[in-house]
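Trainee:
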Amino acid sequence: MTSVMIKRDVKAPAREAWKLLSDFGGIGNIMRGMAPEDLTMEGEGLLAIRTIKTPTGVVKERCEALDEENMMMSYSILGDAPLPITHYLSTFRVFETGPDSCRVEWGSSFEPDGTVPLPEVIPMIEAIYKSGIIGTQKRLGVFEKVAS
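Heads up: the sequence shown is residues 204 to 351, going by this note's numbering.
1) So residue 342 is in the alpha helix (DSSP H); what residue range does that whole segment cover?
2) How would you write the range of the alpha helix (DSSP H) that residue 217 sits in, first residue to last?
3) Can you tell me whether DSSP reads residue 314 as helix, strand or coil?
4) Closest to residue 342 by C-alpha separation, out of 206, 205, 228, 233, would be which residue?
5) Which of helix, strand or coil does DSSP assign to residue 247?
6) Looking at the secondary structure, which residues open and close the beta strand (DSSP E) in which residue 208 lies?
7) Would you kindly work out how many angstroms separate the C-alpha atoms of residue 297 and residue 214, rounded to a whole number?
8) Looking at the structure shown, is residue 228 part of a helix, part of a strand, or coil, going by DSSP?
9) Tell me, to the nearest whole angstrom, how far the beta carbon of residue 334 is from that of residue 235; I am working on the premise that it is less than 8 Å.
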């Protein structure tokens with residue numbers, strides 16, 4: 204298994220960041236370029252399934268764990284996806300670091316499917332998490348450019 208993790212400090216209350224990040228059906232609110240019609244939902248909360256249309260194909264994800272108290276969510280990709288990976292499980296957590304600050308950790312484990320070299324796969328996955336965190340910061344009005 205390969206693991207990837209992105210950690211970013213966010214200058215906003217943890218619960219506000221969590222509210223945006225944990226809205227499984229509202230991922231389009233934080234991910235750039237995702238139109239409302241690109242997302243459909245089956246159910247809500249734990250075991251909800253979201254289907255996302257992307258320019259390269261369709262991704263079906265299921266909410267595998269949802270811990271409101273500890274601000275943690277995990278989700279998996281069901282079936283094939285337009286990414287060169289299999290057995291994907293992603294988890295993100297929000298940690299309070301102060302009254303108006305938090306740390307977001309977003310990572311995953313997966314198997315590369317062999318169609319793309321691993322050194323190219325890792326930045327693809329990292330870019331998804333960075334985009335989600337930046338989108339969260341922008342929605343909260345606290346975006347600050349940080350070095351990779």
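Yeah, the Cβ is synthetic: ideal placement off N, Cα and C, and Gly gets one too.
Mentor: The short version:
1) Unbroken alpha helix (DSSP H) run through residue 342: 321 to 343.
2) First-last of the alpha helix (DSSP H) with residue 217: 217 to 224.
3) Three-state DSSP puts residue 314 in a strand.
4) Ranking 206, 205, 228, 233 by Cα distance to residue 342 puts 233 first.
5) Residue 247 falls in the coil class under three-state DSSP.
6) For residue 208, the enclosing beta strand (DSSP E) covers residues 205 to 213.
7) For residue 297 and residue 214, the distance between alpha carbons rounds to 12 Å.
8) Residue state, collapsed to three classes: helix.
9) The Cβ separation is near 6 Å, so the contact holds.
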